[in-house]
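One structure below.
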Amino acid sequence: MIIDIHAHFTPPDWIDELRRNGARYGCELREDTPGRPSLRLGDEKPAAFLPSLSDLPVRLKTMAQRGLEYQVLSPAMSLVGYHLPEAQGQALSRLFNEAVAATAKRSDGRLIPVATVPMQSGRAAVEELDYAVKKLGIRMVEIGTNVNGANLDEDSFQPFFARAAELGALVQLHPHQDCVAGADRLGRYYLSNLIGNPTDSAIAGASLIFGGVLEKLPSLNVCLVHGGGSLPYLLGRLAYGHSAIQVAHTVPESPNKYFRSFYFDTLVHDPRALRFLNEMAGPDRLMLGTDYPYDNTGEKDPLGALDRAGLAGNEAILGGNAAKLLGIEKR
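Those letters in the sequence shown? Residues 1383 to 1713, by this note's numbering.
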């Protein structure tokens, strides 16, 4: 069983509804270039999205070419709308969740829906997570590595994490390069993505560790994409700081223990880095990920990447871990 745990999707039905009734969701969908729509969420700058985000025939063909049997359908983080007012943000999330669930139902089980929730409101996020899991049967939710600049250990986010743990939902943390720490210094050379994204993932993971979220919710399942960003390489420094610096001694156990609570995708672009991640986290915490359809920063040869790292044929990494978390049974 081979499962891609990190891929993005924009439902065509979602696009069509926003084209017709965007104002209802605080959005304006434009298509200045034929076939290349862009979406303005509130007063944010327009976000363009790739045609391949919503092209299902191309997606399924590419999956087959790359040896992938299953793939998750998670939102593009540029389109989640955390800056919108609560009501519009929740309506936008509901529209996506219903559309992605409907798409997955038509895929013969090959495509796995991933929910989005309006994290700008703790109440609305919990309500939408309940709806996605209980009404739509979705087992995974993706949120940002920060929410409008707030780290994930803030009190307002804790009801969401508590409910995710209660429901057994996998929470995937994904950065958005326009909203990462230090974005004002990362404008050149695509550094907002190349450095900003992995840095923001490390901040998110460290916030959950030092903020006591993982201590309070030991059953919470969290996946960090891009191999956890820079977090695995910084673990020794975090553990030392916890033991030596009073203000960092916020939880009873070493960060080494809480680090093992995370799951990670395999998208690191270097066999040495993947071997290191496997050594630090263990194969029971790794899951195959490609970042499809973003081939500029994604992995076009995911099985080859495992092979080059000496991890070819590892059933847990290929899909076993993801299948357990998401309740996937082989077709």
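All C-beta atoms, glycine included, are put in the ideal place defined by N, C-alpha and C.
Find out if the Cβ-Cβ distance for the pair residue i, residue j is shorter than 7 Å.
i	j	result
V1604	F1644	yes
I1385	Y1452	yes
A1484	A1497	no
V1523	A1544	no
K1376	M1383	For the chain, the structure presents residues 1383 to 1713; residue 1376 sits outside this window and is missing.
L1411	L1421	yes
D1647	H1390	no
G1526	H1558	yes
L1606	L1568	no
P1541	G1587	no
G1408	L1466	yes
P1580	S1612	yes
L1534	S1589	yes
F1478	P1457	yes
Residues in its own chain within less than 7 Å of residue i by CB, not counting five upstream and five downstream?
i	result
T1679	N1575 and D1673
A1486	L1455, L1493, I1494 and P1495
D1666	A1698 and N1703
A1432	Looking at the sequence provided, one finds Leu at residue 1432 rather than Ala. Excluding sequence neighbours, L1432 sits near P1675.
E1413	P1419
L1708	I1494, R1521, M1522 and L1552
A1621	S1636, P1637 and N1638
A1430	R1418 and S1420
Skipping 5 residues on each side, what residues in its chain have a beta carbon closer than 6 Å to that of residue i?
i	result
Q1502	Y1464 and G1471
S1601	A1547
A1691	P1653, L1656 and R1657
G1701	M1383, I1384 and I1385
N1703	M1669
L1474	Y1407 and G1463
V1650	G1609 and L1656
E1468	S1503 and A1506
A1694	L1688
P1428	S1420 and R1422
M1445	Q1453
V1482	P1393, L1455 and P1495
Hey, how far is the Cα of residue i from the Cα of residue j?
i	j	result
F1592	Q1447	42 Å
E1661	S1583	19 Å
K1682	L1400	31 Å
L1659	K1517	36 Å
M1459	E1510	17 Å
H1323	D1425	There is no way to answer for residue 1323, as the model of the chain reaches only from 1383 to 1713.
G1578	Y1615	15 Å
L1461	A1507	16 Å
L1450	I1627	45 Å
G1664	I1585	21 Å
P1634	L1599	14 Å
T1392	C1561	20 Å
P1439	D1395	15 Å
I1710	N1638	30 Å
E1480	K1443	24 Å
G1564	P1684	30 Å
G1671	R1619	27 Å
H1624	R1642	16 Å
D1677	S1434	11 Å
Y1572	T1415	23 Å
Does the CB of residue i have a neighbour CB from chain E at under 7 Å?
i	result
V1496	The structure shown contains no chain E; it is built from a single protein chain.
For residue i, does the three-state DSSP call read helix, strand or coil?
i	result
G1657	The question names Gly, yet the displayed sequence has Arg at residue 1657. R1657: helix per DSSP, three-state reduction.
S1589	helix
D1437	coil
Y1676	coil
M1662	helix
A1668	Note that residue 1668 is Leu in the sequence shown, not Ala. In this structure, L1668 counts as strand in the three-state DSSP scheme.
I1699	helix
L1493	strand
D1683	coil
D1582	helix
D1386	strand
D1652	coil
Just to confirm my understanding: we take residue i, look at its own chain, exclude 5 residues before and 5 after, and list those with CB closer than 8 Å. What are they?
i	result
I1397	L1411, P1419 and S1436
E1597	V1633, P1634, E1635 and Y1640
D1512	R1545 and L1549
Just to confirm, does residue i get its C-beta within under 6 Å of one of the non-hydrogen atoms of the ligand COA?
i	result
L1685	Because no ligand of any kind appears in the structure shown, any question about the ligand COA cannot be addressed here.
- Taking only runs that begin and end inside the segment 1597–1632, name each unbroken alpha helix (DSSP H) of 4 or more residues, in chain order. List check, alpha helix (DSSP H) in window: 1613–1626.
- Message: List, from N- to C-terminal side, the beta strand (DSSP E) runs of 3 residues or more that fit wholly inside the segment 1513–1579.
- Response: Counting only runs of 3 or more residues that sit fully inside the segment 1513–1579, the beta strand (DSSP E) segments are 1522–1526 and 1552–1556, in chain order.
- Every unbroken beta strand (DSSP E) inside the segment 1390–1466 [3 residues or more]: As far as the segment 1390–1466 is concerned, its whole beta strand (DSSP E) runs of at least 3 residues are 1409–1415, 1418–1423 and 1452–1455.
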